[in-house]
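> My structure is below; once you've seen it, I'll send some questions.
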Amino acid sequence: MKFYKLLALLSVGVAGAFPTACTDKYEDMENHMPSWLNSNIYDYLSGRGDCTYYIRLIDDCGYTDAMKVSGSNTLFFSNDASFERFFQTNEMGYRSYEDLPYSFKVMLLKLGTIPYSQLLERLSLSDRGQVTFRRTTDFEVEDTIPVVDAEDLPDSKYFAPYRRAGKPIKLLSDATKWTLVQFFPDVMSGKHITDDDFSFVTGIPREADDASLFANKIIQKDIVCQNGYLHELADVLVPPENMAAYIRGNEKVSRFSRLMDRFACPVFYKRDAQGDSIFQTRYFNQSPAYSFTEYNGTNAPGLLYFDPGWNLYQPKGGNTSQPGYETDMGCMFVPTNEAMDRFFSPSGEGSDFFEAFGSWDKVPDNIAADFVANHQKYSFLSSLPSRFGDIKDEAGYEMEVSKENIVDKFVGRNGVVYVTDKVFTPLDYRTVMGPAKIDSLNSIFNQAMTDAQFVYYLRSLKSTYQFFVTPNEYMKDYVDPVAKSYASENYRCNLEFQLTPQNTVAAVPTRTSDGTVIMDNGFPLGSNGTVSNSSILKNRLEDILNCQTLVTESNEAFEAARAGGQEYFITKGYAPVRITQDNKISGAGNERPLTVSKIYNKENGNTYLIDGILQNTTTSIYDVLSSKDDFREFYDMCALLGIFVNNPTSSTVAPGRKVEFLNQYHYTVYVPTNEAIREAQAKGWIPTVGQIENEGDQSVRDSLENVMERFVRYHFQDNSVFIKGEKVENKAYLTSTINEASNKFYPVYVTNKDGNITLVDEADYGTGRVSARVVKTEGVYNLMTRDMTLNSGDKEKATTIEAYTYAVIHQIDDVLWFEQPKGENVKDQK
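For the sequence shown, position 823 matches number 915 in this note's numbering, and the numbering has no gaps at all.
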């Protein structure tokens, strides 16, 4: 209640009398007054004998004649007993009527006066018949101008000069009109506010047909006088503060208040008659109806959802046929100091906040704004206690609040404040993105998530992620997969990512050969030593983020898999990564395993800080099969069949050769040993390459090629399966050979356990026989590859990755069959 103490420091004269415009027309009574019609307002109050204080208010403020003559007013008043209670209990120190300053008297009188005559039922509606939750009165913002001492000003850098000066200033909490909040029967039914909602929010019980202003009950309504209607209140109508003033004055929420007040600014309003400057307090915010985004030409360091000090608050959106303030008001969920301390601690939910900053005062402004804003709700009516079960924050995510979390409530003139025993962290900080968003040492990765539009994906609380974040100092040595395809050694490069002054990501290209910066203007990725094209950067950042995000069933399932010996995992972008038992992690293209330095447990998974970028391989399936003698027979069949292609179009090209029938997914290629293939050829199960090449009859050749191709494609399986990968037992995976009878792809059945992979093909399925085993000779299993397609018909001009295919290649000790092979009738047991 400090605000009202300040009213005593300045008394402002009231300019003009009450308006006399009316909405109700009184009939000419021809000197005949009905028995139910009281005299004028003033005489009625005087005649009661228990309203002497209110009569004194009218007289002292100069409104005796206005309340006596015919006119049209609605007056909310209180009797002497109400005033006596007020003098005994108010926190402003006013112990008698004589203690009341003139400005306070004016406020009491004018705040309770509406300049037209209406019954309570009619006050529930606007002139157009719309339900009216809040309304303005005769009280004007300049009727009382507080003078605020320097030490009581908001503690923000924008108020700092006035605080340092040590002098009081004339400061409005806001320069818009105050409103009354009407908990009237028709309003409550029209706005779907239940009796329990009212009782919970105000702390007072409610019975049917009760009506209240704020939490002040109307004990007698619709008293009819010759010049208006009166409604008697149980208590003196002392207007509550707005949300911002309440929060600032409540010591129990001072930590939150200190964060919020960072965004408070003194905005010049006008000069008074004495020539003194009058200011109003504004808060940086993004509300469409009352936004405030810069101060003296400087952009806001962060934006709240709305200005919590805006007296005439109106929700986002609304309609044009009714003032927005009449329809709803704001709402804030404000944590106690104890809740803030529990959150901001080494073992609390905000441990990453604590680790990064050490104290709330050191939390950067942009993060503080996000934090405060997440405790704001544009609509009180959508935040009623009866709706706590499904209430969502303004980003659309569940808040998980219950009545048990509310330790105090306040109904202000522009909204309701729920004081809570818990912190409602912005979703982004609760998720695996949190450590990247919070710590400035991870700012490049944080911006990468934004630039690559990855934040929407990682916000999901329905998925569990293992998310690997690379701090700024390690965002370098990224082997650019597109540049590696260029013919010129001078253009093959690594990228070092940086954050620009405009808060966007750029990269410096350094030659792979000698580490010098590529300055050539003809370099496809950029010029003058910088890669700044947003499309190129987004493409590479997506490549990195896809490789550094695992989607898992749960944290527990992930840890159980690791404890069971699994080391290879498939990322969101289908890239394989390896995580060893000693927390070393590597991508297929890393020259050394990376070290995990810190793990954060978040609401939708775990975040790991690693000392490098998980690098994808640039080795293709063709590169591996064509380079190893152990794979020679299988490769020769693939080459003969034309499986490896590079058919550039006007807009795409492969860096080398790729498998034509694979899509953007992850696969396994099983390569039988040369001996196994030759044995099958000797049995007549498959033709040899030479047999096909020497066949002169085209129809025969086509038939032989069809047999060979269906055999080869049966060794290409959907899903990458690794030695030390996911454990499976007799799991069916589809191959690339189609069953022409069912038009479905033939499966192969995989068992992966105890460090071994065994396969049962369709021909052996159900016999109990093992068809083949992965050969665990070094260099012929767990070979990781990626086929790529680039964004230009000329790879020397390509700049981005358009599509890709991941595959792991294993040597197996025998051939696989989707049906009993022709030649010998029965397969030998393997």
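Beta carbons: idealized from backbone N, C-alpha and C, even for Gly.
Pairs of beta-carbons, one from the region 261 to 272 and one from the region 229 to 242, closer than 8 Å: are there three or more?
yes
> Since residue 275 and residue 304 should fall inside the 8 Å C-beta cutoff, what is the C-beta to C-beta distance between them, to a whole number of angstroms?
4 Å
> Could you give the DSSP three-state label for residue 924: helix, strand or coil?
Nothing about residue 924 can be read from this structure; the chain reaches only from 93 to 922.
> Measure the beta-carbon distance from residue 841 to residue 823 and round it to whole angstroms, keeping in mind my assumption that it falls under 8 Å.
The beta carbons of residue 841 and residue 823 sit about 7 Å from each other, so the pair counts as a contact at 8 Å.
> CB-CB under 8 Å to residue 615, same chain, minus the five flanking residues each way: which ones, in chain order?
583, 601
> Quick one: residues in its chain with C-beta nearer than 6 Å to the C-beta of residue 246, no 5 flanking neighbours on either side, listed in chain order?
Here the set comprises 353, 356.
> Return the first residue and the last residue of the beta strand (DSSP E) that residue 676 is part of.
676 to 679
> Look up residue 324 in the DSSP assignment and say whether it is helix, strand or coil.
strand
> Is DSSP giving residue 123 helix, strand or coil here?
The predicted model places residue 123 with a pLDDT of 49, which falls under 50 and marks its position as unreliable; any figure quoted below should be read in that light. Coil, per DSSP.
> On the three-pair Cβ rule with 8 Å, is the region 168 to 177 touching the region 324 to 337?
yes
> Only counting runs of 4 or more residues, tell me where the alpha helix (DSSP H) segments fall wholly within the region 223 to 258, in order along the chain.
252 to 257
> Whole angstroms are fine: how far does the CA of residue 419 sit from the CA of residue 481?
As the crow flies, the alpha-carbon of residue 481 is around 23 Å from that of residue 419.
> Out of 404, 425, 493, 566, point me to the one whose CA is closest to residue 415's CA.
404
> Using only alpha-carbon positions, find the residue among 800, 689, 453 that is nearest to residue 725.
With distances taken between CA atoms, residue 725 lies nearest to 800 out of 800, 689, 453.
> Can you tell me whether residue 611 is buried or exposed, with buried defined as 16 or more other CB within 10 angstroms of its CB?
exposed
> Confirm, please, whether the CB-CB distance from residue 231 to residue 197 is below 7 Å.
no
> Could you tell me which of 648, 694, 708 sits nearest to residue 670, measuring between CA atoms?
708
> State the DSSP-derived secondary structure class of residue 785, mapped to helix, strand or coil.
helix
> Give the straight-line distance between the Cα atoms of residue 461 and residue 521, rounded to the nearest whole angstrom.
13 Å
> State buried or exposed for residue 869, treating a residue as buried only when at least 16 other CB atoms are found within 10 Å of its CB.
exposed
> Measuring only the C-alpha atoms, how far is residue 123 from residue 161?
Residue confidence is low: residue 123 scores 49 on pLDDT, short of 50, so the model does not pin down where it sits. No coordinate-derived value is stated.
> Hey, out of 251, 237, 236, 204, whose CA is closest to residue 228's CA?
204
> Should residue 539 go down as buried or exposed, given a rule of 16 or more other Cβ atoms within 10 Å for buried?
That one is buried.
> Going by DSSP in three states, residue 388 sits in which element: helix, strand or coil?
The answer is coil: DSSP assigns residue 388 none of H, G, I, E or B.
> Which of the three DSSP states is assigned to residue 895 in this structure?
strand
> Is residue 638 near the ligand PLP, with its Cβ less than 6 Å from a heavy atom?
Within the structure as shown, the ligand PLP is missing, as the structure has no ligands at all.
> Mapping DSSP to helix, strand and coil, what is residue 753?
coil
> Skipping 5 residues on each side, what residues in its chain have a beta carbon closer than 6 Å to that of residue 912?
855
> Tell me whether residue 584 sits in a helix, a strand or coil according to DSSP, three-state version.
coil
> Output the boundary residues of the beta strand (DSSP E) element that contains residue 844.
836 to 845
> Suppose you measure from the CA of residue 593 to the CA of residue 466; what does that come to, to the nearest Å?
27 Å
> To the nearest whole angstrom, what separates the beta carbons of residue 844 and residue 818, a pair I think is in contact under 8 Å?
Correct: roughly 7 Å between the Cβ atoms.
> Give me the Cα-Cα distance between residue 83 and residue 838, rounded to the nearest whole angstrom.
Because the chain spans 93 through 922 in this model, residue 83 falls outside it and cannot be assessed.
> Should residue 758 go down as buried or exposed, given a rule of 16 or more other Cβ atoms within 10 Å for buried?
buried
> Among the residues of its own chain, which have a CB less than 8 Å from the CB of residue 438, if the five just before and after it don't count?
446, 447
> Here's a check: name, in chain order, each residue in its chain whose Cβ is nearer than 8 Å to the Cβ of residue 99, leaving out the five neighbours to either side.
Unreliable positioning characterises residue 99 in this predicted model, as indicated by a pLDDT of 41, which lies under 50. A coordinate reading is not provided.
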